[in-house]
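Position 78 of the sequence shown, counted from 1, bears residue number 78 in UniProt numbering, the numbering being contiguous throughout. Structure first, then comments.
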Amino acid sequence: MEGHVYKRGSTWTYVVNLPPDPLTGKRKQKSKGGFKTEEEAELAKLEKILEIKKGLYKPDSQMTVEQYLEFWLENYSKVKHRLTTYITNRELVRKRMIPVLGKIKLNSLSADKIETFLTELKKKGYSDSYIHGIFRVLRRAMRMAHFKWELIPTDIMKKVDPPRVTKKERLTWTLEQCQTFLKAASESRFYTAYLTAINTGMRRGEVLGIQESDFSYERTYIEVSQSLTYHTEFGFIIQEPKTKKSERRTPIIDRLILETLKEKIEQNHTNAQKNEAYQKQWGLINCHSDGEPIRPAQLRHDYDKIIKKSGLPYIRFHDLRHSFATNLWELGFDLKDIQEILGHSSVAITGDIYTHMREEKKKNLMAKYSEAINSSKEDLVPVDN
């Protein structure tokens, strides 16, 4: 870190170069004068440089938390993150963080102020997972303010206790319940999407984003290469899957699924021939009759109606993925194999999030244990003392 000293009148002054202001790009300096000798100024300069390197220096900045978070969104999140991640970050920053923390000077933001902010969110009734999501975004932004741009002297998030997240029991469907749903959905225009989701464990966006070129009838697989969603500001969003591991090849062995996908493609081609306005540019399998992508909200509305019609207990569309994983596990599949099929980055995620033992299986296992231990008691021969 550079710096120098110079004589000003009868006293000496030191100047230390600081990192450029990230908002303006302008060079920043810290200076102090009034030293009687050059040696005193030089020593003070070295002490200041050491203070900065140790993270003890508090920049004299007028930047507010709002200004910094907007800078972080524009110059980091928008550039580095997937569009959907950026949209989520922007919503959390502007709707939750800025209204409460925005006017505070960035270098005055403290751990206790952040914890008070998170506590108030809890009092307002927001879910644990939602609050934890806000915490993660704020932690990422504040750490960059310290480590990347050196706007604050320390990583204040180290002193903030992460919000507690209470794990809830995930409701899933058995194989029989999945079959009941598909039977109720047989006349739905989105039947192919439901059939694919239930039999592959693909995410909703992955199901809606399957292109004709991703499916091979002869080689019996679907290539998961993209995800589709919709936003009122940005329209339809096509992007790479959630993680690198999410890019995967999913085998399709069931003839019913293969034939259904093949017939849907043929139906799309017929619709394209009949309609000059057919939107061929998307090339999607699961789409409307004019080739337009299916909005997630449209799928959810239809999905909810079918559940109500079927009489099944309600689960979210994403819980079809949980159901798929749990059913595989109960059929005896190895967690590592399930991880590969689902496209998780680690087997720990698969085991921690997507599988749990159903009550019926617990009872069966306990019944077997009880039977075994009781039968072993009968084999015991009393020993006379």
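Glycine included, C-beta positions come from ideal geometry on N, C-alpha and C.
Just to confirm, is the Cβ distance from residue i to residue j under 7 Å?
i, j, result
"Lys28", "Leu18", "yes"
"Thr196", "Pro296", "no"
"Ile265", "Glu187", "no"
"His132", "Pro163", "yes"
"Lys30", "Val16", "yes"
"Thr250", "Ile222", "yes"
"Ala272", "Lys280", "yes"
"Ala325", "Ile315", "no"
"Leu118", "Val65", "no"
"Asp290", "Phe190", "no"
"Thr192", "Thr260", "yes"
"Leu175", "Asn327", "yes"
"Lys111", "Lys159", "Per the sequence presented here, residue 111 reads as Ala, with Lys not at that position. Taking 7 Å as the Cβ cut-off, Ala111 and Lys159 qualify as a contacting pair."
"Ile252", "Thr232", "no"
"Tyr14", "Lys32", "yes"
"Arg321", "Gly201", "yes"
"Lys274", "Ala184", "no"
"Arg90", "Leu73", "yes"
"Lys93", "Asp128", "The residue asked about is misnamed: residue 93 is Val in this sequence, not Lys. Going by C-beta atoms, Val93 is not nearer than 7 Å to Asp128."
"Arg143", "Asp155", "yes"
"Trp12", "Glu51", "no"
"Phe181", "Leu335", "no"
"Leu258", "Tyr217", "yes"
"Gly343", "Lys244", "no"
Kindly identify the DSSP beta-bridge partner or partners of residue i.
i, result
"Tyr221", "Ser216, Pro251"
"Trp12", "Lys7, Phe35"
"His231", "Gly235"
"His48", "The question names His, but residue 48 is Lys in the sequence shown. According to DSSP, which records beta bridges pairwise, Lys48 is partnered with nothing at all."
"Lys29", "The sequence shown places Gln at residue 29, rather than the Lys named in the question. Asn17."
"Gln211", "Leu284"
"Lys78", "Partner(s): none; Lys78 has no beta bridge."
"Lys105", "Thr64"
What residue range is occupied by the uninterrupted beta strand (DSSP E) comprising residue i?
i, result
"His4", "3 to 8"
Can you tell me where the alpha helix (DSSP H) holding residue i begins and where it ends?
i, result
"Phe71", "65 to 72"
"Ile152", "Looking at the DSSP string, Ile152 is not in any alpha helix (DSSP H), and its letter there is neither H nor E."
"Ile198", "191 to 200"
"Trp173", "No alpha helix (DSSP H) contains Trp173, which DSSP labels as neither H nor E."
"residue 389", "The chain is shown from 1 up to 385; residue 389 falls before or after that span and cannot be answered."
"Arg321", "319 to 330"
"Tyr86", "83 to 92"
"Leu118", "111 to 123"
"Gln226", "Premise fails: Gln226 is in no alpha helix (DSSP H) and is neither H nor E."
"Ile338", "335 to 342"
Since residue i and residue j are thought to touch, with beta carbons under 8 Å apart, how far apart are those beta carbons, to the nearest angstrom?
i, j, result
"Tyr68", "Ala145", "6 Å"
"Glu247", "Ser227", "Not confirmed; about 10 Å, so no contact."
"Ile134", "Arg96", "6 Å"
"Gly9", "Lys45", "Actually they are not in contact, since the Cβ atoms of Gly9 and Lys45 sit about 18 Å apart, beyond 8 Å."
"Leu106", "Met63", "5 Å"
"Thr172", "Asp319", "6 Å"
"Arg204", "Phe317", "5 Å"
The ligand MN and residue i: does the residue's C-beta get closer than 6 Å to at least one heavy atom of that ligand?
i, result
"Leu171", "With respect to the ligand MN, the structure shown offers nothing to examine, as it has no ligands at all."
Unbroken stretches of the beta strand (DSSP E), 3 residues or longer, contained in the region 248 to 303: 248 to 251
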